[in-house]
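Counting with my numbering, you get residues 674 to 1170 for the letters of the sequence shown. First the structure, in the form of C-alpha cells, and then the observations on it.
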Amino acid sequence: MADFSANLLAPIKVCLLTYGCQMNILDSQVLSGNLTRQGFTIVEDESEADAVIFITCSVRDLAERKVLGKAGKLNVKRRRRPEVVLGVTGCMAELKGEELLEGKNVFDFVAGTHKRHLIPEMILRALCRRVAAAEVTAANAEHIERLGKALAPYMEECLASEGSLLAVGKDPMSFGLDELEAMRPRPWQAFVEIMRGCSNFCSYCVVPYARGPEVSRPAESILSELRALAVSGCVEVTLLGQNVNSYGKDLPAGSMSFPELLKEAAKIEGIKWLRFVTSNPQDISDELISLMASEKKICRYLHFPLQSGSNRILKMMNRKYTLEGYLEKVAKLRAAMPDLWLAGDLIVGFPGETLEDFGETLRAVEKIDYANNFLFKYSERPGTAAARLKDDVPLEEKKRRHAELMALQGRLTHEHLKSLVGTIQEVLVEGRSKRNRDVLQGRTTHYANVVFEGDPSLIGKFVQVRMESATPLTLYGSCERLTGEEKLTDEKETSGI
Ligand code: SAH
Ligand code: SF4
Ligand code: F3S
C-alpha cells in the first residue's frame, strides 16, 4: 500500500467529520489510522484543517442534508482559505458519485464505500490542484507555505496527470487491507467488523445499494484482531454487521456460523464483554439464544429491530417475519435470559401506514416492553423498492406518530432504569459525563447509562455501582469498588442482584 510518510516534509492537517452508524465510526477510525501511518496529522477542529473529509450516511434524507449543509458552510469559509480540500466518502459518496463533483464545486473528491484506501492519495492530488490555483493572501500565506513544502515531491506529477478524483463501485474491498490500523479513541472499547454490506433489500433501505452485497470476514481474521485487541487492553468488543445472524453463510462450507464465532470470541482472555449489532429477527437461531444464555461475557442487551408492528406493513417492507414470529423469538430470548434488555428500530409513516397499522406498532412496543427504541420517520430513498410507492403519510402525521411512540418508549425506558434502583451493577466506565465533567459516566451490561462520582483513573475499568435514582434516560449511583477488588468506601453492602 502507498505510504507517503517518508516524503511529507511538513504537516498536512486532516479533519474527519463522521455521520451515520457504527460502520461509519469504525471506517473513520480506520481512515484516521491509515492517514496517520502515512504521515498526515489528524485534527479535531475543522477550522484548522487543510482537508476536511465527510464520512457520510444516506439512510434518511436528513442525514444527507446535514452533510450538504455543513459542506456548504465550509465552502463559504474557503473564501479566506481557497486551498482547503473538501472530500466525501461513505454511503452518500457511493450512491451519488459524480453528482457530488458537479454543480457548485463544493467537493474536490469522492471516494465510495469500497475505496477508502485511495483517500490519502486523493487528498494529495486535490491539495496540489488547490494550492497551485490559490491566491496567496494574509489569511492563508502561512498555510500555503507549509503546504507547498509538504506537497513539493508530488506537485509536478499531480498537476501533469489527470488522476481521477472520483472512485466508486462496489467491487468488494478485500479484508485485511487496513482494518487493523483503526485508531480507537478509547482503547478499552472496540468496534470490530465481521461482515460488510447487506443482501436483504428491505424495501425502504438504501444500505444494500450503498454498501454492496453481504460479505463475511473470515473468522480467523476476526479472531486474530480480537486477540490483538485483548493484548492491547481492550475489554469490550462490539461485533458489527448489518445482519450478524447471517454471518458466514457466504463463506465456504465448514466456516463458522455466528454463534460459533461468538463462542470462540468469548474464549479470548481479557475480553470481558461482547456485544453485537444488528441482529435481524429473521435469522436469529436457537443456537445463538442458548449460547447467549450460557456465556456470561455476552451482554444482556440485544438490538432486535422490529420496524413495524403491522404484518401488512412488514410484508411491504420486505421484512421476512411476522409480528407473531417476532414475539415467539422474544419469548424464547426472555425464557433463556430473564434479565435481557431489548432494543429496537421502528419506522413510522411507511407508505400506506394507516392509524390501525400504527396502533399495532404501539401495542407491540408496549407488549414487548423494550428498554430502548430508535424511532424514525419514513424517508423515501431514491432507487429503493418503496420509492415506487406513494409516500402518502403527511409529514405532520409522521411527526405526530413519532411523538406518540417517543412518549410511550420514554415511559418504558424510565421503567427499565427504575427497576435497577437499589441494586448493585457492574459498570464499564466510559469517561467523564458530557453534562458534568466532574462525574463519571458508564454503562451496565444492559447498556443502561449510569452517572456517578469517582476518580478519572477509573475510566476504562469495571466498577460496582449502587444504583440510587433514575431519571428518564440516566441512572445515578455511587461507586462501591472496582470489580474483583476491595471496597472503595467502607459503607455496608446491603443489596445485590
Ligand atoms: N441492518 C439493520 C438496520 C440498519 S439501518 C437492521 O436491519 O436492523 C438503521 C435503521 O434505520 C433501520 O433499522 C431502520 O429502522 C432505519 N431506516 C432505514 N431506512 C430508512 C428509511 N428509508 N426511512 C426511515 N428509516 C429508515
Ligand atoms: Fe437495510 Fe434491511 Fe439490510 Fe438492515 S437488513 S441494512 S434495514 S436492507
Ligand atoms: Fe448510514 Fe450507510 Fe450506516 S447509509 S446507517 S452510514 S451503512
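Where is the CB? At the ideal position from N, CA and C, for every residue including glycine. Computed from a prediction, not measured in an experiment: that's the story for all the values here.
Contact belief for residue i with residue j at Cβ below 8 angstroms, rounded distance in angstroms
| i | j | result |
| --- | --- | --- |
| PRO842 | HIS787 | Position check: residue 842 holds Gly in this sequence, whereas Pro was assumed. Indeed, because the Cβ distance is near 7 angstroms, the residues count as touching under 8 angstroms. |
| ILE986 | GLU1026 | 6 angstroms |
| LEU1090 | ALA1037 | Rounded, the Cβ-Cβ distance is 21 angstroms, inconsistent with contact. |
| ILE867 | LEU913 | 6 angstroms |
| GLY763 | MET795 | Wrong, their Cβ atoms sit about 14 angstroms apart, outside the cutoff. |
| GLY1095 | MET1140 | 7 angstroms |
| ALA883 | LEU768 | 5 angstroms |
| CYS831 | THR1057 | That pair is no contact at about 38 angstroms. |
| LEU924 | PRO891 | 7 angstroms |
| ARG973 | HIS1087 | Rounded, the Cβ-Cβ distance is 19 angstroms, inconsistent with contact. |
| LEU1048 | HIS1075 | 6 angstroms |
| LYS1072 | TYR1051 | About 12 angstroms separates the two Cβ atoms, so there is no contact after all. |
| ILE962 | LEU1006 | 6 angstroms |
| SER981 | ASP1030 | 7 angstroms |
| ASN916 | ASN953 | 4 angstroms |
| GLN1098 | VAL1138 | 6 angstroms |
Coarse secondary structure for residue i, derived from DSSP in three states
| i | result |
| --- | --- |
| CYS878 | coil |
| GLY1025 | coil |
| HIS1119 | coil |
| SER1142 | strand |
| TYR1149 | strand |
| ALA1037 | helix |
| GLY706 | helix |
| GLY760 | strand |
| HIS697 | According to the sequence shown, residue 697 is Asn rather than His. Looking at ASN697 - three-state DSSP - the assignment turns out to be helix. |
| THR1086 | helix |
| TYR999 | helix |
| GLN955 | helix |
| HIS787 | coil |
| ALA863 | strand |
| GLU1069 | helix |
| GLY1017 | strand |
| SER889 | strand |
| GLY906 | coil |
| GLU942 | coil |
| ILE726 | strand |
| GLU719 | helix |
| GLY1104 | strand |
| GLU1053 | coil |
| GLU808 | coil |
| CYS831 | helix |
| ALA683 | coil |
| VAL1124 | strand |
| PHE1047 | strand |
Cβ shell of residue i (< 6 angstroms), same chain only, five flanking positions each side left out
| i | result |
| --- | --- |
| PHE1185 | Nothing about residue 1185 can be reported from this structure: the residues present for the chain run from 674 to 1170 only. |
| LEU1068 | none |
| ASN1189 | Residue numbering for the chain in the displayed model covers 674 to 1170; residue 1189 lies beyond these limits and cannot be assessed. |
| SER930 | GLY921 |
| GLU737 | SER731, MET765 |
| GLU1164 | At GLU1164, the pLDDT of 44 sits below 50, so the modelled position is not reliable and the matter cannot be decided from this model. |
| THR1124 | Rather than Thr, the amino acid found at residue 1124 in this sequence is Val. Result list for VAL1124: SER1106, VAL1112, GLN1114, THR1147, TYR1149, in chain order. |
| GLU955 | In the sequence as displayed, the identity of residue 955 is Gln instead of Glu. Excluding positions up to five away in sequence, the list reads LYS993, TYR994. |
| ALA1171 | Absent from the model: residue 1171. The displayed extent of the chain is 674 to 1170, so no value can be given. |
| MET828 | CYS801 |
| ASP1064 | PRO1024, GLU1053 |
Chain B contact for residue i (CB, 8 angstroms cutoff)
| i | result |
| --- | --- |
| VAL1138 | Judged by its chain identifiers, the structure shown contains no chain B, having just a single protein chain. |
Residues near residue i by beta carbon distance below 7 angstroms, same chain, minus five either side
| i | result |
| --- | --- |
| TRP861 | GLY906, CYS907, VAL908, GLU909, GLY1133 |
| LEU899 | VAL865, VAL910, ALA938, ILE941, ILE944 |
| THR691 | ASN697, ILE698, SER701, ILE728 |
| SER705 | LEU689, ILE715, MET856 |
| ASN984 | THR995, LEU996 |
| SER872 | PRO881, PRO886, GLU887 |
| ALA807 | PRO755, GLU756, ASN813, ILE817 |
| PRO1145 | GLY1083, THR1086, HIS1087 |
| PHE949 | THR911, LEU912, VAL917 |
Cutoff 8 angstroms; reference residue i; Cβ partners in own chain excluding five residues on either side
| i | result |
| --- | --- |
| LEU820 | ALA683, ILE685, ASP723, GLU756, LEU800, VAL804 |
| VAL1102 | LEU1113, GLN1114, GLY1115, GLY1127, LEU1131, ILE1132, GLY1133, LYS1134, PHE1135, VAL1136 |
| GLY1104 | ARG859, LEU1113, GLN1114, ILE1132 |
| GLY785 | THR762, ALA766, GLU767, GLY770, ALA840, VAL841, GLY842, LYS843 |
| ALA1016 | TYR974, LEU975, HIS976, PHE977, TYR1043, ALA1044, ASN1045, ASN1046, PHE1047, TYR1120 |
| LEU1109 | According to the sequence as given, residue 1109 is Asn; it is not Leu. Excluding sequence neighbours, ASN1109 sits near VAL1124. |
| LYS936 | LEU964, GLU968 |
### Any 3 or more C-beta pairs closer than 8 angstroms across the stretch 802-818 and the stretch 727-743
These segments do not touch.
### Query
Pick out every residue whose C-beta is nearer than 7 angstroms to a heavy atom of the ligand SF4: which are they, in chain order?
CYS871, ASN873, PHE874, CYS875, CYS878, VAL880, PRO881, GLN915, ASN916, THR951, ASN953
#### Entry: Three or more C-beta pairs below 8 angstroms linking the stretch 992-1011 and the stretch 1044-1058
no
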